[in-house]
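J.:
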Amino acid sequence: MQTTPPNSENTSNQSLPPRHGPRRRRSLRIRPARLFLHGPLTLAFAAVVLWSALASYTTAVQAYDSYMRQLPSPENLNDREVFLTTKIFDRNGVLLSEITDPAGGNRSLVSLDQLPQDLIVATVAAEDPTFFSNPGFDVRGIARAVFDNLRERGIVSGASTITQQLVRNTLMGEEERGRQTVSRKLKEVVLAYLVTRQYSKNQIIEMYLNEVYYGNRAYGVEAAAEAYFGKRSSELTLAEAALLAGLPQAPSAYNPHTNLDAAKTRQRYVLDRMVKSGFLAPEQAKAADQEPLQLAEQQTQTTLAPHFVNYVRDLLEEKYGPEVLYTGGLQVTTTLDIRLQDMAQAIAQQRVKEFEDLNAHNAAVVAISPKTGEILTMVGSVNFNDPQISGEVNVAVAERQPGSSIKPIVYITAFEKGYSPATVVQDVRTTFIGEFGQIWKPVNWDFKFRGPVTIRQALGQSLNLPAVRTLQDVGLPAFIKNAERMGISTFTGRPNLGLAIAIGGGEVKLVELTSAYTVLATMGERREPTAILKVVDGRGQVLEEFTPSQPQRLFDARLVYQVISVMSDGISRIPSFGMDSPLNLDTRLGAVKTGTTDDFRDVWTVGFTPQLTTGVWVGNANGDPMKSLTSARTAGWIWHDFMEGALKDQPVEWYDRPDGMVYRDVCEPEEKGPGCTDIVREWLPEGANLRGPLAYSPGPGHTIREPGVLKQKVRDYPEQRADGLYMVIEWSDGEYQSKKIDPTTQMVIEPASQKANWPPPSLLQPGVNRAKLPVPPPPAPPRTKVREYPEQHSDGLYWVTQWSDGAFEITKLDANGQPIPGSTKPAGSGPVPTPVPSQSPAPSQSPQPSQSPAASQSPAPSQSPAPSQLPAPAESLAPSQSPEPSQSPAPTQPAGSPQPAASLPAPPSPAISTQPPVKVREYPEQHPDGVYQVIQYSDGTYNVAKVQNQSSQ
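Position one of the sequence shown corresponds to residue 0 (numbering that gives the first Met the number 0), numbered consecutively onward.
#1: List the residues that DSSP assigns as beta-bridge partners of threonine 301.
#2: Could you spell out the range, first to last residue, of the alpha helix (DSSP H) harbouring arginine 196?
#3: Suppose you measure from the CA of leucine 185 to the CA of serine 159; what does that come to, to the nearest Å?
#4: Roughly how many angstroms lie between the CA atoms of proline 134 and glutamine 116, to the nearest whole one?
#5: If I measure Cβ to Cβ from glutamate 210 and keep anything under 8 Å in the same chain, skipping five residues before and after, which residues do I get?
#6: Tell me the start and end of each unbroken alpha helix (DSSP H) in the region 425 to 487 that is at least 4 residues and wholly inside, in chain order.
#7: Report yes or no: do three or more beta-carbon pairs, one from the region 195 to 213 and one from the region 103 to 114, lie closer than 8 Å?
#8: Please confirm if the region 404 to 419 is in contact with the region 524 to 534, defined as three or more CB-CB distances below 8 Å between the two stretches.
#9: Does the region 558 to 578 come into contact with the region 456 to 470, if we say contact requires no fewer than three beta-carbon pairs (one atom in each stretch) closer than 8 Å?
#10: Nearest by alpha-carbon distance to threonine 453: which of Glu543, Gln561, Ile502, Ala806 is it?
#11: For the beta strand (DSSP E) containing alanine 534, list its first residue and its last residue.
#12: Assuming contact is defined by CB atoms lying nearer than 8 Å, are glutamate 187 and glutamine 163 in contact in what I supplied?
#13: Quick one: Cα of phenylalanine 228 to Cα of histidine 360, how far?
#14: Quick one: what does DSSP say arginine 714 is sitting in, helix, strand or coil?
#15: Does the beta-carbon of glutamate 787 have 16 or more other beta-carbons within 10 angstroms, so that it is buried, or is it exposed?
#16: Using alpha carbons as the reference points, say which of Pro369, Gly450, Ser96, Gly327 lies closest to valine 541.
#17: If you follow the beta strand (DSSP E) that arginine 786 is in, where does it begin and where does it stop?
#18: Please tell me whether leucine 339 and alanine 366 are closer than 8 Å, where the distance is taken between their beta carbons.
#19: Let's see if you can read the secondary structure: which residues bound the beta strand (DSSP E) around methionine 625?
#20: Return the first residue and the last residue of the beta strand (DSSP E) that isoleucine 98 is part of.
#21: On a CA-only basis, which of Arg106, Pro476, Thr823 is nearest arginine 493? Give me that one, please.
#22: Looking at tyrosine 212: is its Cβ nearer than 8 Å to the Cβ of proline 247?
#23: Could you give the distance in angstroms between the alpha-carbon of glycine 577 and the alpha-carbon of glycine 816?
#24: When the Cα of glycine 379 is compared with those of Thr546, Ala620, Gly92, which residue comes out closest?
#25: Is DSSP giving lysine 230 helix, strand or coil here?
#26: Do you know whose CA, among Arg468, Trp616, Arg312, lies nearest glutamine 400's CA?
#27: Return the CA-CA distance between arginine 552 and arginine 656, expressed in angstroms with no decimal places.
#28: Please state whether DSSP places valine 308 in a helix, a strand or coil.
#29: Quick one: give me the first and last residue of the alpha helix (DSSP H) that glutamine 340 is part of.
#30: Put alanine 910 into one of helix, strand or coil per three-state DSSP.
#31: Apply the 10 Å Cβ neighbour rule to lysine 406 and answer buried if 16 or more other Cβ atoms are within range, or exposed otherwise.
#32: Along the chain, where does the beta strand (DSSP E) that runs through glutamine 549 open and close?
#33: Using the C-alpha atoms, what's the distance from asparagine 358 back to threonine 633?
#34: Please tell me whether isoleucine 107 and threonine 84 are closer than 8 Å, where the distance is taken between their beta carbons.
#35: Taking only the alpha-carbon atoms, compute the straight-line gap between aspartate 957 and alanine 814 and give it to the nearest angstrom.
Structure below.
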């Protein structure tokens with residue numbers, strides 16, 4: 000049975016109709032009740048949506064602001080710390096050295112207007128063709144790089160513009176620069192955009208060219224031009240500019256020093272890009288490609304005057320610190336004169352070669368301008384790069400014993416206390432006992448003692464005992480104080496210094512001793528030594544500039560003048576240094592002193608003219624002794640050669656005599672008779688206390704040799720006082736002197752003291768305080784020299800000395816006229832060759848004057864006057880007139896005295912020579928009206944010429 004739905008018809012043969020009839024559209028009308036229910040919900044939803052949008056915007060703004068705050072400010076480009084190379088120049092602008100950071104390289108800033116246009120456009124074409132139009136980044140370049148990197152599934156391409164490279168190198172840290180991340184690239188793009196908005200394109204390209212690395216330790220295009228082509232960037236050609244522009248992409252791969260082919264390929268690429276960018280015509284590019292490259296030699300760290308450069312570097316580091324020194328780009332102009340430096344270096348090297356067989360391998364030279372204190376040369380060793388001589392050690396600033404070169408400071412200290420060149424001091428064997436009982440017995444260089452000598456003789460002949468005794472008299476504290484005032488720092492704070500310091504027992508630095516001598520060279524004025532004239536920082540600001548300051552007056556000019564007169568006296572040096580000494584300059588006067596230490600470990604020569612003070616040291620840096628090398632034979636020749644070369648084109652200058660000086664007669668210390676027949680003249684300060692400490696005790700009726708004073712001793716007698724025994728001396732001018740003596744040995748144990756009106760009259764009565772000791776008898780007069788003269792013998796030239804007791808001594812001379820050590824002997828002790836006729840006058844014959852076209856009065860022909868017989872200064876001496884020859888008195892034979900040896904017969908009178916005379920020697924001589932240069936000829940005649948004086952002040 001089949002059921003059918005209600006209300007339906009049976010239609011078995013038709014398809015069934017749809018279950019539902021046609022659907023009616025529902026009405027959109029909202030009933031009021033439903034609106035009342037859904038309205039608040041809608042508003043709430045809208046509020047939530049709006050709030051979310053605002054929150055998202057705020058979050059986005061905050062995120063953007065936070066991101067921007069983390070970025071470095073573009074303003075930091077101007078304030079960035081760029082390391083720059085410090086450059087040191089000589090006084091004339093010659094580059095001596097570049098001081099670089101060991102962890103950095105070389106960099107010099109240059110402005111855009113100093114760069115060639117070719118270099119700028121080559122850099123733009125190679126690195127960023129859209130540089131002048133892009134906003135700091137290249138959108139098309141970034142898109143291309145993204146596509147390439149996605150295709151290769153790795154970073155194979157970049158799109159860094161010049162601005163991006165600049166911010167990466169300057170505003171990002173080293174660690175961040177090495178990251179290849181999207182965030183770093185995004186940061187780079189943002190910063191490049193901000194930099195472009197703040198700076199002009201010219202400013203950006205200028206900063207880039209000064210910042211980018213070109214390889215070979217060259218930062219910036221200026222350093223690159225110097226490194227690869229040895230020139231300034233402004234001098235680059237088109238071909239050179241194109242090559243440099245291609246280097247920043249891969250400096251090592253394109254380094255022309257190591258890979259020239261790759262560098263040329265990169266150069267062609269840059270030239271091609273310049274053509275495509277419209278910066279260059281094709282024919283110009285072709286010509287540049289074919290231009291041969293003149294590459295500079297690959298740079299090594301070369302330095303001129305390396306010891307001086309290190310000396311200056313230490314001064315800069317001490318004053319400005321290491322950071323400024325190595326990265327501040329200082330431009331330092333020094334006082335060094337590279338011409339004089341090279342001259343001193345060459346002379347020292349050449350002379351040291353002559354001494355190598357005597358184990359002398361090194362030398363140092365310092366030259367200072369006394370008028371300014373500027374250090375002109377500093378040679379620290381003969382070869383900085385020779386480790387066998389410790390060449391890197393700067394001996395000019397090392398502490399070494401100065402030997403006798405310290406003596407001028409001893410004597411200027413004594414002159415302050417009333418001594419003078421005419422003061423007599425004792426050169427006798429003396430034992431000194433130190434504070435702790437140590438015994439010291441100093442000797443002279445030749446192990447001989449000369450008895451009483453003047454300070455002129457003592458300093459000129461470099462005698463040790465007089466210097467030590469003088470220091471003992473004036474006191475060690477006064478000497479050390481003067482040494483410190485003159486610039487020597489090595490004596491300060493050394494309580495163990497003793498009297499040995501008078502002959503070099505305390506170490507000094509060559510540069511400081513040379514500076515101390517400038518005080519003498521300026522007549523007593525002190526100027527600090529300086530090595531730096533000007534310092535400019537990397538931004539062009541002057542940090543310091545040398546201006547000569549007002550000098551400090553240390554000594555009375557009259558006292559210094561006396562020291563100079565001794566140090567420039569070639570005559571007083573003859574007994575120790577001979578006539579042909581390098582201490583005598585050829586073209587002008589010079590004041591000089593030598594020094595030689597024990598065992599010949601150090602030899603010195605320090606001297607000056609008004610224009611130049613030079614100190615020389617010769618020895619071995621490790622202290623090895625040399626073989627009997629004296630200062631005159633070594634350092635003396637270096638000093639001589641350098642002074643002659645350095646002053647070759649300078650006018651001759653010498654010192655004017657200061658006001659307030661008088662010319663006084665003084666007895667030679669050898670005079671022991673009641674009169675004074677051998678008188679020398681000295682310029683002495685007027686009104687000064689000319690009676691220095693009593694040098695020795697003459698017998699009754701003898702003449703005391705004190706500066707400017709001729710007086711006789713009346714009597715001397717012992718006197719017992721409460722504190723001991725004294726020897727009292729009464730003089731003809733009414734004054735007294737007393738010396739405390741040891742009653743056992745009768746040796747002086749206290750320096751002599753002088754009191755104007757002492758003793759009181761009661762002590763002068765006979766028998767008062769004088770009976771305890773007998774008056775000692777006067778000492779027997781010692782043997783003295785009568786005269787000296789050269790004499791030609793069959794086997795060579797001899798120097799003959801005649802003594803007051805009638806004895807003779809002879810010394811053989813070498814080819815240079817110097818005494819041969821060990822050849823001195825009495826004339827009667829052994830065979831003596833027969834004198835050659837017509838070579839010298841008889842010992843008993845007084846020389847006769849002869850006429851000469853060069854001088855109106857001259858000594859007898861062929862006679863070379865001994866040092867004591869040289870022409871004495873006259874009150875007025877014209878250049879066309881020669882001095883009167885001194886007449887040697889005929890020797891007398893005292894009764895009972897030995898007779899002259901038979902082997903020295905008097906030679907016949909000299910024959911008249913038909914040969915033209917030759918020059919025997921030349922020496923300076925001080926006269927009342929100035930300094931004269933004296934020339935002695937072989938025929939016994941003299942020529943004199945006055946030296947034109949110029950003030951040194």
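The beta-carbon is built from N, C-alpha and C at its ideal position, and this holds for glycine as well.
Quick caveat: nothing in here was measured; it's all calculated off a predicted structure.
T.: Well, looking at it:
#1: When DSSP reads this structure, threonine 301 sits in no beta bridge, so it has no partner.
#2: Looking at the DSSP string, the run of the alpha helix (DSSP H) that includes arginine 196 is 181 to 197.
#3: Their Cα atoms are separated by approximately 11 Å.
#4: The straight-line gap from Cα to Cα measures roughly 23 Å.
#5: So the list reads Val81, Leu165, Asn168, Thr169, Tyr218, Gly219, once near-sequence residues are dropped.
#6: Whole alpha helix (DSSP H) segments, 4+ residues: 454 to 459, 463 to 473, 475 to 484.
#7: The region 195 to 213 is in contact with the region 103 to 114.
#8: Segments in contact, no.
#9: Touching, yes.
#10: Of the candidates Glu543, Gln561, Ile502, Ala806, the one whose C-alpha sits nearest the C-alpha of threonine 453 is Gln561.
#11: Note that residue 534 is valine in the sequence shown, not alanine. Element bounds for valine 534: 531 to 535.
#12: Cβ distance < 8 Å, so glutamate 187 and glutamine 163 count as in contact.
#13: Put simply, the backbone Cα of phenylalanine 228 is about 39 Å away from that of histidine 360.
#14: DSSP, read as helix, strand or coil, puts arginine 714 in strand.
#15: Per the 10 Å Cβ criterion, buried.
#16: Nearest option by C-alpha distance: Gly327.
#17: Its beta strand (DSSP E) spans residues 784 to 792.
#18: Leucine 339 is a Cβ neighbour of alanine 366, given a cutoff of 8 Å.
#19: Membership of methionine 625 in any beta strand (DSSP E) is not indicated, and neither H nor E is assigned to it by DSSP.
#20: Looking at the DSSP string, the run of the beta strand (DSSP E) that includes isoleucine 98 is 94 to 98.
#21: Of the candidates Arg106, Pro476, Thr823, the one whose C-alpha sits nearest the C-alpha of arginine 493 is Pro476.
#22: Contact: yes.
#23: Whole-angstrom Cα-Cα distance: 8 Å.
#24: Nearest C-alpha to glycine 379: Ala620.
#25: For lysine 230, the three-state secondary structure derived from DSSP is coil.
#26: If we check each option's Cα against that of glutamine 400, Trp616 comes out closest.
#27: Those two C-alpha atoms are separated by around 17 Å.
#28: Correct three-state label for valine 308: helix.
#29: Taken as a continuous stretch (DSSP letters only), the alpha helix (DSSP H) holding glutamine 340 covers 337 to 354.
#30: Low local confidence applies: a pLDDT of 40 at alanine 910 is under 50, so the model's placement there is unreliable, with the coordinate-based value given in what follows. Here alanine 910 sits in coil by DSSP.
#31: With 16 or more Cβ atoms within 10 Å of its Cβ, lysine 406 is classed as buried.
#32: It is not in any beta strand (DSSP E) - glutamine 549 carries neither H nor E in the DSSP assignment.
#33: It is roughly 12 Å from the alpha-carbon of threonine 633 to the alpha-carbon of asparagine 358.
#34: Per the sequence shown, residue 107 should be read as serine rather than isoleucine. Yes.
#35: The question about residue 957 has no answer, for the chain in this structure spans 0 to 952.
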